Structure formats: structure tokens, C-alpha cells
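**Q** Numbering (the working numbering), first residue to last: 77 to 368. Ideal Cβ placement from N, Cα and C applies to all residues, glycine included. Source: prediction; values computed, not measured.
(1) Please list the terminal residues of the continuous beta strand (DSSP E) segment that includes residue 309.
(2) Quick check on the DSSP output: what are the complete beta strand (DSSP E) runs of length 3 or more inside the region 245 to 291, in order along the chain?
(3) Could you tell me if residue 135 is buried or exposed, where buried requires 16 or more neighbouring beta carbons within 10 angstroms of its beta carbon?
(4) Out of 229, 224, 263, 255, point me to the one whose CA is closest to residue 246's CA.
(5) Hey, would you say residue 329 sits closer than 8 Å to residue 131, going by beta carbons?
(6) Under a three-way DSSP split, which group does residue 366 fall into?
(7) Assuming residue 178 and residue 228 are in contact, meaning their beta carbons sit under 8 Å apart, how far apart are those beta carbons, in whole angstroms?
(8) Around the C-beta of residue 129, are 16 or more other C-beta atoms found within 10 angstroms, so that it is buried, or is it exposed?
(9) Hey, residue 144 and residue 180: beta-carbon distance below 8 Å or not?
(10) In the DSSP assignment, find the unbroken beta strand (DSSP E) run with residue 234 in it and report its ends.
(11) With C-beta atoms as the reference, is residue 319 less than 8 Å away from residue 366?
(12) I need the straight-line Cα distance from residue 165 to residue 306, nearest angstrom please.
(13) On a Cα-Cα basis, can you pick out the residue from 255, 339, 207, 295 that is closest to residue 220?
(14) Would you verify that the beta carbon of residue 130 is, or is not, closer than 8 Å to some beta carbon of chain C?
(15) Does DSSP put residue 77 in a helix, in a strand, or in coil?
(16) Sorted by chain position, which residues of the same chain lie with C-beta nearer than 6 Å to residue 355's C-beta, five sequence neighbours on each side aside?
(17) Closest by CA to residue 349, which one among 125, 173, 141?
(18) Kindly indicate which residue of 352, 167, 338 has the alpha-carbon position closest to the one of residue 271.
(19) Mind checking residue 138: buried by the 16 CB within 10 Å criterion, or exposed?
(20) Start and end of the beta strand (DSSP E) containing residue 140?
(21) Can you list, in chain order, the residues of its chain with a C-beta nearer than 8 Å to that of residue 259? Leave out the 5 residues immediately preceding and following it.
(22) On the criterion of 16 or more Cβ atoms from any shown chain inside 10 Å, does residue 231 qualify as buried, or is it exposed?
(23) The alpha helix (DSSP H) with residue 294 in it runs from where to where?
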């Protein structure tokens, strides 16, 4: 039922979507409450770790993680943010790497940039879930300097992956999410769905000229990045908030072709893809006018 409401909302005009958003959220909350009563499946820690291994979380892997702690803790009772992070780090080992979004906003990039003009790398909290905020504060974790789509990273190549993010677009060749393709990186969602969280969807939008012309604003915006005692100005063009995207079609194509995997174990829904395969195939879909 929750999936049906999401699909229905996606086909409505954007203006109507905004007006109906509170009603949709209320419906989803009520359905979720009923679902919790009816579906009480859980996973043990060993079963959860086995699921992570199936998704590709193992020694030497480079993983960009999207997560919903609420969904995970429902299926793995008692699992705290720090316990989840430690499990992931232990599986990856220091020869692997773990990355998470540490975006300072929810909603639309352009609307955030209209309201906020300063990004403090050290002080601005992540708004992409409790796990990401706990993670970015841990020793050994580096945060990229991008003012709207910063990424937190730990492990072997973590610092290198985030080092140049502020030197280009949010999703372009200097971004950690693009660089995943060069290190055999994975993008994994635990307790979340493709169209709800997969930031990698925006990479083809930024690097393909045809998609960029349609999906990014022409207006050049500016924000100030504060990093300790240094300040720098960053200019960028935001994603257009008024463009509809056909996430369902892209997900269907990529899943049918084996580029994207949807897995549900013990009631916990997960998604996984190899960054290089995803980006390369998505660029082809842009050429074919079948991407978003």
C-alpha cells in the first residue's frame, strides 16, 4: 500500500504533489502502523550480517550506503546507529571503504539554496538520517566540502574519494558518487528503496549534456563554504525542482537487465548496484530517451 501511494504521487502534477504531500505522509504513517502490527518478522544479527554479505559488504569493498534506521531497527531489534556502523566497518575492514550521504537538507536542492547561504563542514549536521550524522562525527571519517551534497567517508580510499567534491558539480567527475565507478564501488540501500534515496541517479543527469540541459537550472547560485578558519565561495547550478522523473521506468529497466538488485529478507528491503554498470547503462538510456 505504501508503494502504491508513492507511485500515485509520482504521476501527479508537481504543484499538486506539494499540496497533497501532508495527506500522503499521514496515509503512509497509518499504513505503516498497521503493517507493524501484522508483519513482525525479524532478523538475528548473524542473519543481518549474512544479508549484508549478500549485498556485497565484505572485505576490501567500497560501499556507498543509503539507510533507514527505522526500517532496519524494526527488523533487527536493538540495533543502534553506532552498532550498525561498526558491523559495516568490521565487514569491510580498513582495506575497504564506507561512504554515506551527509546532505545538510531534505527536499529540493534549489529551495535549500534559496534559504541557506553558508555551509560549515564541521558544524552543519547531516539531515539524511541519524546513522549518517553519527557516522560523520566519528574519528577517521572525512566529510566532503560540497555545500549541498556533502559525503562522509571512512576507510582505505575514503579521504581521496571526497577530496575534490567542491571542485565541481554535486554529481560530476569530481564527486565521490561518480568516483565510485573507478574503484569498483557499490551503492547499497538498506531499509530504503531506489527512487527514495539513490543519489547515483543524478550522475548521468549532470555528466550527459542532453540531460544536464533539461534537468539543471540555468541560474548560477552561490554559497559560502566554511572549513575551520577558511572560507571559500562556491558557485553551482541546482537541479530543477519542477521536472518530473520517471523513476519507476528506470528501476524496471535496470532490474530486468540485472544492473539493479532488489532484495527483501525478513521483511527488510534492500537495493544494490555496481556504480560503474549503473552509470554506464544510465548514460545509454539518456541517449535512448529512456532515462527519467
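**A** Well, looking at it:
(1) It spans 306 to 312 - the beta strand (DSSP E) in which residue 309 sits, taken as one unbroken run.
(2) 262 to 266, all fully within the region 245 to 291.
(3) Classification for residue 135: exposed.
(4) Cα-wise, what sits closest to residue 246 is 224.
(5) In this structure, residue 131 does not lie closer than 8 Å to residue 329 by Cβ.
(6) Here residue 366 carries a coil assignment [DSSP, helix/strand/coil].
(7) Contact flag correct, Cβ pair sits at about 4 Å.
(8) The residue is exposed, with fewer than 16 neighbouring Cβ atoms inside 10 Å.
(9) Taking 8 Å as the Cβ cut-off, residue 144 and residue 180 do not qualify as a contacting pair.
(10) Not the beta strand (DSSP E): residue 234 falls in the alpha helix (DSSP H), residues 234 to 238.
(11) In this structure, residue 366 does not lie closer than 8 Å to residue 319 by Cβ.
(12) Straight-line measurement puts the Cα of residue 306 at about 31 Å from the Cα of residue 165.
(13) For residue 220, the closest of 255, 339, 207, 295 by C-alpha to C-alpha distance is 255.
(14) Within the model displayed, chain C is absent; a lone protein chain is all it includes.
(15) At residue 77, the pLDDT of 49 sits below 50, so the modelled position is not reliable; the number obtained from the coordinates is stated separately. Looking at residue 77 - three-state DSSP - the assignment turns out to be coil, as it is neither helix nor strand.
(16) So the list reads 257, 279, once near-sequence residues are dropped.
(17) Ranking 125, 173, 141 by Cα distance to residue 349 puts 141 first.
(18) Ranking the options by Cα distance to residue 271, first place goes to 338.
(19) Result: buried.
(20) For residue 140, the uninterrupted beta strand (DSSP E) run begins and ends at 138 to 143, by DSSP.
(21) So the qualifying residues of the chain are 138, 173, 233, 237.
(22) Looking at its Cβ environment, which holds 16 or more other Cβ atoms inside 10 Å, residue 231 is buried.
(23) Per DSSP, residue 294 belongs to no alpha helix (DSSP H) and is neither H nor E.
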